[in-house]
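Report on the following structure.
Numbering (my numbering), first residue to last: 538 to 763.
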């Protein structure tokens, strides 16, 4: 006779594995023959209804629940072609004369779920490179971001305090105005310990709904230099 507790544990384990398998992030980049990004390219999953996204100005896109062997349908201004997914860690696609050449690009997986959610659900967000932050002349990351992101208000740290920032139109049930910080895939209560020269790239999303109540004030996703 099967032990009910063992059976329930087995079912729960399978459920968790299924959920994780269905939420694996898949990020991609589409460029032309001169390695210039191609924006507004529609990326659909062949045979799956209503599963698609579009590349941003940097040619980036993201989807979830992509399996090896899935076929991506690409539709741009002057081309339409298909690409088969060989590596679910990431893909770089070069379009030349309406022909697509895919390459494995596991480095694109670094932005993980934040990158995918932003693309797949079309959240309001902006990407800023570390070099762009340094070019503002600011010493504080949040101060530099406020100079690049419309509607972001920065308050420098006072004595015994930390710097604060608020993105216009965001609200929190807790009363705090601070966004959620994700640093190299991990949640952080503050980024005051980071030097601006340590930053490689930042994604700022005013819609942090994919993180629940923690993202009510938006989310700032930071990738540092390795």
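Note that the Cβ used here is the ideal one computed from N, Cα and C, for glycine as well.
Spell out the partners DSSP gives residue 605 in its beta bridges. Along the chain shown, one-based indexing puts residue 605 at 68. The partner list for residue 605 (beta bridge, DSSP) is empty, contrary to what the question assumes.
Answer with buried or exposed for residue 724, where buried requires no fewer than 16 other C-beta atoms within 10 angstroms of its C-beta. Taking the chain shown and counting its residues from 1, the one referred to as residue 724 is at position 187. Result: exposed.
Extent of the continuous beta strand (DSSP E) run through residue 670: For the purposes of this step, residue 670 is taken as residue 133 along the chain shown, with counting starting at 1. Unbroken run through residue 670 is the alpha helix (DSSP H), 667 to 672; no beta strand (DSSP E).
Straight-line CA distance for residue 605 to residue 727? Within the chain shown, residue 605 is the residue found at index 68, counting from 1. Within the chain shown, residue 727 is the residue found at index 190, counting from 1. If you draw a straight line from the Cα of residue 605 to the Cα of residue 727, it comes to about 38 Å.
Roughly how far, in whole angstroms, is the beta-carbon of residue 624 from the beta-carbon of residue 641, given that I think they are within contact range, below 8 Å? Taking the first residue of the chain shown as position 1, residue 624 is located at position 87. Taking the first residue of the chain shown as position 1, residue 641 is located at position 104. Between residue 641 and residue 624 the Cβ distance is about 4 Å, and since that is below 8 Å, they are a contact.
According to the neighbour-count rule (16 or more other Cβ atoms, all chains shown, within 10 Å of its Cβ), is residue 644 buried or exposed? Mapped onto the chain shown, residue 644 falls at position 107. Label assigned to residue 644: exposed.
Whose C-beta lies closer than 7 Å to the C-beta of residue 666 among residues of the same chain, with five residues either side of it excluded? Along the chain shown, one-based indexing puts residue 666 at 129. Once the five neighbours on either side are set aside, the close Cβ partners of residue 666 are 738.
Taking all protein chains shown into account, decide if residue 621 is buried (16 or more other Cβ within 10 angstroms of its Cβ) or exposed. Taking the chain shown and counting its residues from 1, one reaches residue 621 at position 84. Counting Cβ neighbours within 10 Å, residue 621 comes out exposed, since fewer than 16 surround it.
Using 8 Å for Cβ pairs, my map puts residue 733 next to residue 676. What's the rounded Cβ distance? Residue mapping note: residue 733 aligns to position 196 of the chain shown, counting from 1. Residue mapping note: residue 676 aligns to position 139 of the chain shown, counting from 1. Here residue 733 really is in contact with residue 676; their C-beta atoms are around 6 Å apart, less than 8 Å.
Is the distance from the Cβ of residue 638 to the Cβ of residue 568 below 8 Å? Walking along the chain shown from the start, residue 638 turns up at place 101. Walking along the chain shown from the start, residue 568 turns up at place 31. For residue 638 and residue 568, no; Cβs fall outside 8 Å.
Would you list the one or two residues that DSSP bridges to residue 612? In the chain shown, residue 612 corresponds to position 75, counting from 1. Residue pairing by DSSP places residue 612 opposite 579, 617 in a beta bridge.
I believe residue 565 touches residue 598 by the beta-carbon criterion, under 8 Å. Please report the beta-carbon distance rounded to the nearest angstrom. Counted from its first residue, the chain shown places residue 565 at position 28. Counted from its first residue, the chain shown places residue 598 at position 61. Right, their Cβ atoms sit about 5 Å apart.
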